[in-house]
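For the sequence shown, our numbering begins at 921 and goes up steadily by one.
Heads up, the beta-carbon is just placed ideally off N, CA and C, and yes, glycines get one too.
If you're wondering where the values come from, they're calculated on a predicted model, not measured in any experiment.
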Amino acid sequence: MSLPVIDLGAATPVPTPTTRPFWDAAREGRLSVQHCDSCSSYLFYPRLACVECGSRRLSWVETSGRATLLSYVIVHMPAPGFEEAAPYTLAIVRLAEGPTMMTNIVGVEPRPENLVLDMNLEVSFENRGGWVVPVFTPVVEAGR
């Protein structure tokens, strides 16, 4: 189940020089994060310096698009402007490369029996009010 395209009005992102590569990659259907060229850490959300070693030698790399579900909440009473999307799943996922990110889980009804912690996920992209955002769907295991 995908969320409908919602007019987010003033709540839309405003890319900065630091975040623009993330949004540009998403528009192209790629999930990119920063990589520290000094200590090899992967970073998300976009920032100016590595949180592990403080280096400013950061580059953008495309991720595998794989993740696991760490935590979630099923939103039944959404914030203003998101009423048509409810219920939906807001989640914290751990990317295969290491960093965590907040996202939505789509492609599955938002019910606890469908959302198993540590389940394998893969990235997909949705248009939301003119912005392309990464969302995650459960990986269908072979033989299931």
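Extent of the continuous alpha helix (DSSP H) to which residue i belongs
i: Phe964; result: Where Phe964 is concerned, there is no enclosing alpha helix (DSSP H), given that its DSSP letter is neither H nor E.
i: Ala1016; result: Where Ala1016 is concerned, there is no enclosing alpha helix (DSSP H), given that its DSSP letter is neither H nor E.
Inter-residue spacing [alpha-carbon to alpha-carbon] between residue i and residue j
i: Glu1042; j: Arg986; result: 5 Å
i: Tyr962; j: Asn1034; result: 29 Å
i: Ala930; j: Phe964; result: In this prediction, Ala930 has a pLDDT of 44, which is less than 50 and means its spatial position is unreliable; what the coordinates show is noted afterwards. Each residue's alpha carbon lies about 24 Å from the other.
i: Val1055; j: Thr938; result: 21 Å
i: Val1013; j: Met1039; result: 10 Å
i: Pro966; j: Thr936; result: 10 Å
Residue i, buried or exposed, once every other Cβ within 10 Å from all chains shown has been counted against 16
i: Leu1037; result: exposed
i: Ser979; result: exposed
i: Pro1032; result: exposed
Residue from the options with nearest C-alpha to residue i
i: Pro1030; options: Gly1050, His996, Met1039 and Pro937; result: His996
i: Val1060; options: Cys956, Ala1006, Val1026 and Leu951; result: Val1026
For residue i, the first and last residue of its enclosing beta strand (DSSP E)
i: Phe1045; result: Asn1040 to Arg1048
Cβ pair residue i, residue j closer than 8 Å
i: Leu990; j: Thr1020; result: yes
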